[in-house]
Amino acid sequence: MADGKRLSSAAKVATPKLGDQSILNDSHLFKVIGKRVKITTTVANHVLEGTVFAADPVLNAIAINTAPAPPNPSTSLATQPGNYHVVSIPNIQKFELLSSSGGGGQDGGAADGPGGFESITPTIASLDLSALKAREEAAVRKLLEKEEHRNKEVTSEVQELYDAFNRTLPMRWHGTTMIINDAVLLGPPYTVSDLKAAEGKERNIDHIKRIMEGYLAKKRNAQGANRPGVATPIPPRKGG
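Using the UniProt record's numbering, you'd call the opening residue of the sequence shown number 1 and step up by one each time.
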């Protein structure tokens with residue numbers, strides 16, 4: 001009998017009576033993000049006042065930043081202080097909306113004027129069409145210049161030698177003959193001895209020759225470094 005009375009008494013203990021919680025319905029939940037609110041929870045009537053930072057209808061919770069708003073509304077979000085609390089919506093006893101818009105709240109998410117936070121439209125910068133067209137033309141010009149220096153009648157090794165000269169000197173093709181710096185000719189088989197210059201421009205050959213010898217030396221060194229080493233046989237030990 002006593003047990004029955006205790007159970008009956010326990011059944012009469014009602015959960016805290018919540019006020020008008022329509023603002024916390026799924027359809028309204030995201031509209032309070034970025035707005036100043038005051039919340040009283042059922043846990044020891046704890047009161048939180050701050051800006052709603054996030055809301056999750058799946059977890060049934062909201063996050064509030066209770067740090068004071070910065071004096072400068074244009075302060076970057078990365079530099080603003082934060083003191084965040086996650087509150088379960090069923091534990092909210094009283095919910096007060098302190099402002100219809102954030103008015104430059106802590107998290108910069110609220111907007112002034114009619115419609116509040118939900119009516120915010122992000123700013124989209126206009127495109128500089130003239131700059132885009134200039135970049136496109138420069139890219140096309142670069143590709144055309146690269147194609148002009150490519151000779152399909154020579155081997156890849158000869159083309160690499162041409163490209164090495166072209167990094168520092170003006171170059172062009174005349175058939176399969178390289179014209180270097182508008183002064184020196186280099187034709188098949190493209191050795192140092194094949195460098196020729198017009199009368200009066202012979203002094204240019206020495207400069208081109210040094211560049212060519214340096215390129216060929218680097219290429220030989222690179223090929224030697226990539227070549228696998230030769231295994232040296234181990235001589236037999238003396239005495240067995």
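For glycine and all other residues, C-beta sits at the position ideal for the given N, C-alpha and C.
Since the model is a prediction, treat every value here as computed from it, not as a measurement.
Residue range of the unbroken alpha helix (DSSP H) whose run includes Phe-165: 156-166
Cβ pair Val-87, Ile-39 closer than 9 Å: yes
Inter-residue Cα distance where the pair is Leu-48 and Ser-126: 42 Å
Boundaries of the alpha helix (DSSP H) in which Ser-193 is found, first to last residue: Neither: Ser-193 is in no alpha helix (DSSP H) and is coded neither H nor E.
Contact check, Pro-188 vs Asp-194, beta carbons under 9 Å: yes
Whole-angstrom C-beta distance between Asn-65 and Tyr-84, which should lie under 8 Å: 5 Å
Option in Glu-213, Val-192, Met-212, Val-184 with minimal Cα separation from Glu-199: Val-184
Distance, Met-171 Cα to Arg-220 Cα: 24 Å
Cα-Cα separation between Glu-137 and Val-58, rounded to whole angstroms: 51 Å
From Asn-45, Lys-31, Lys-146, residue whose alpha carbon lies closest to that of Leu-97: Lys-31
Rounded C-alpha distance that separates Phe-165 from His-207: 11 Å
Where the alpha helix (DSSP H) through Ser-130 begins and ends: 129-148
Continuous beta strand (DSSP E) stretch holding Glu-96: start and end: 92-97
Separation of Leu-129 from Ile-33, as counted between CA atoms: 36 Å
Whole-Å CB distance - Phe-53 paired with Ala-63, under 8 Å assumed: 4 Å
For Ile-92 and Arg-36, the rounded distance between their alpha carbons: 16 Å
Residue(s) in a DSSP beta bridge with Tyr-215: Note: Tyr-215 sits in no beta bridge, so no partner.
The beta strand (DSSP E) enclosing Ile-180, as first and last residue numbers: 177-180
Contact check, Glu-160 vs Val-192, beta carbons under 9 Å: no
Status (buried if at least 16 other CB within 10 Å, exposed otherwise) for Leu-186: buried
Other residues of its chain near Val-154: CB distance less than 6 Å, five sequence neighbours each side excluded: Thr-176
Helix, strand or coil at Leu-185 according to DSSP, with G and I counted as helix: strand
Cβ-Cβ distance between Ile-205 and Thr-168 below 9 Å: no
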